[in-house]
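Numbering (this note's numbering), first residue to last: 470 to 777.
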C-alpha cells in the first residue's frame with residue numbers, strides 16, 4: 470500500500486509533467502511552424518527552442534521516473550535502465566544550465582548599443598553556425614562530465630551501507646570510495662557555479678543597460694516611436710525573470726546537494742525535494758517564455774484558429 474508521502478510526491482511530480490511537457494511542446498511547435506514557413510529565428514529564439522527540447526527531456530528523465538516508481542511501475546529500474554535514465558537526466562539538466570547562461574549572454578549582447586566593446590562578440594553570437602558550434606561543444610563537455618553516473622548507477626537496494634551514494638529515490642549512484650564520490654560531486658558543482666555566476670553577471674548587465682536606456686529615452690523623447698526597443702526590452706525582462714527563477718531553484722537544489730555530499734547518511738526526503746526543485750525550472754520556463762513572447766503566442770493562436 471502507498472503511504473501519504475509517496476502519493477503526494479507522485480502527484481507533485483505528475484503536476485510538473487502535466488504542465489511542463491505540453492508547454493515545452495507548444496514552444497517547439499510554434500518555432501517549428503515559423504521555420505516551416507521560412508522565417509529566420511533570432512539567436513535568442515534558437516536557444517529558447519533548444520531549452521524547450523532539453524526541458525522536455527529533463528521532465529521525462531527526472532520527473533516521470535519518480536511518478537512511475539511511486540505508482541509501483543518499476544520494471545525500468547534494472548542496472549542498464551538506471552544508467553540510461555540517470556545519464557540522460559544529468560546531461561539534460563547540465564544543458565539547461567549552459568543554455569540558460571548562453572541565453573542571458575546572447576540577450577545582453579543583443580541589447581547593447583552599437584558603439585560597444587562587445588561588438589566582436591556580438592558578431593560571433595549573431596551567426597547561427599557559431600551558436601551551433603558553441604552548443605555542440607557544451608554538449609560534449611557535459612556528455613564527458615556526466616559519464617561517472619553511468620558507471621556507478623544501480624537499482625535502489627535496501628542495503629544499509631549507503632556511504633558515498635547519491636540517492637535518486639528510484640535508483641542510486643554508489644561510488645567505490647570517498648575520492649571518487651567527492652571528485653564527481655565537486656566537478657559538477659564547479660561547472661554549475663561557473664555557468665550560474667556567468668548568467669547572474671549577464672542578467673545584472675541587462676538590468677543596468679535597460680535602466681540606462683530608459684533614462685536616455687525619457688530625456689530625449691516621450692513619444693512611442695521605438696516599437697523595436699519595447700520588444701527587445703520585453704525579451705530582456707523575461708530573460709532576467711528566467712535567470713532569477715533559475716538561481717532560486719538552483720540555490721535550493723545545490724544547498725541540498727552540498728549537504729548530502731558532507732553528510733554521511735543520505736536522506737531520501739531531501740533527495741526528493743532536491744529533484745523536485747531541479748525539475749521545477751523545466752516546467753516554469755515555458756510558461757515565462759510563452760507569456761513574454763508575442764511571436765510564440767501569435768503562432769499558438771494561429772494553431773488554434775486553424776483547428777477551429
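Just so it is clear, CB atoms sit at the ideal spot from N, CA and C, and this is done for glycine as well.
Residue 651 and residue 730 do touch by the CB rule: their CB atoms are close to 7 Å apart, below 8 Å. Here DSSP, grouped into helix, strand and coil, assigns residue 530 to helix.
Scanning the region 585-657 from its first residue to its last, the whole alpha helix (DSSP H) runs of 4-plus residues come out as 588-594, 597-614 and 617-620. For residue 737, the enclosing alpha helix (DSSP H) stretches over residues 737-761. Taking C-beta atoms as the reference points, residue 752 and residue 489 count as a pair closer than 7 Å. The Cβ atoms of residue 664 and residue 574 do not sit closer than 7 Å to each other. Counting of Cβ neighbours within 10 angstroms places residue 561 among the buried residues, the total reaching 16 or more. Between residue 597 and residue 644, the alpha-carbon positions lie close to 40 Å from each other. Boundaries of the alpha helix (DSSP H) harbouring residue 501: 473-505, taken from the DSSP string. Here the region 706-719 lies against the region 667-685, with 3 or more beta-carbon pairs under 8 Å apart.
The C-beta distance from residue 485 to residue 555 rounds to 18 Å, too long to meet the 8 Å contact threshold. The beta carbons of residue 497 and residue 521 sit closer together than 7 Å. The continuous stretches of alpha helix (DSSP H) do not include residue 581, and DSSP gives it neither H nor E. Going by beta carbons, residue 728 and residue 750 fall outside the 7 Å limit. Restricting attention to 548, 675 and 671, the CA atom closest to the CA of residue 621 is found in 548. For residue 516, the three-state secondary structure derived from DSSP is helix. Annotated three-state conformation of residue 509 is coil, per DSSP. When only Cα atoms are considered, residue 617 and residue 571 end up about 25 Å apart.
The residue among 635, 483, 502 and 517 with its C-alpha nearest the C-alpha of residue 653 is 635. Inclusion of residue 517 and residue 758 in the CB contact set at 7 Å is warranted, their separation being smaller than that value. In this structure, DSSP gives residue 542 a state outside helix and strand, which the three-state scheme calls coil.
Residue 534 places its beta carbon 7 Å or farther from that of residue 594. Distance from the Cα of residue 747 is smallest, within the candidate group 724, 683 and 768, for 724. When the five nearest sequence neighbours on each side are left out, the beta carbons in the same chain lying within less than 6 Å of the beta carbon of residue 526 are those of 561, in order along the chain. About 6 Å separates the Cβ atoms of residue 514 and residue 500, confirming a contact at the 8 Å cut-off. Cα atoms of residue 672 and residue 702: separation of roughly 13 Å, rounded to the nearest angstrom. Comparing alpha carbon positions, the residue from 505, 624, 764 and 674 closest to residue 546 is 624. By the 16-neighbour rule on beta-carbons within 10 angstroms, residue 476 is exposed. Collapsing the DSSP output to three states places residue 707 in a helix.
Here the alpha carbon of residue 610 sits roughly 18 Å from the alpha carbon of residue 666.
Of the other Cβ atoms in all chains shown, 16 or more fall within 10 Å of the Cβ of residue 639; this residue is therefore buried.
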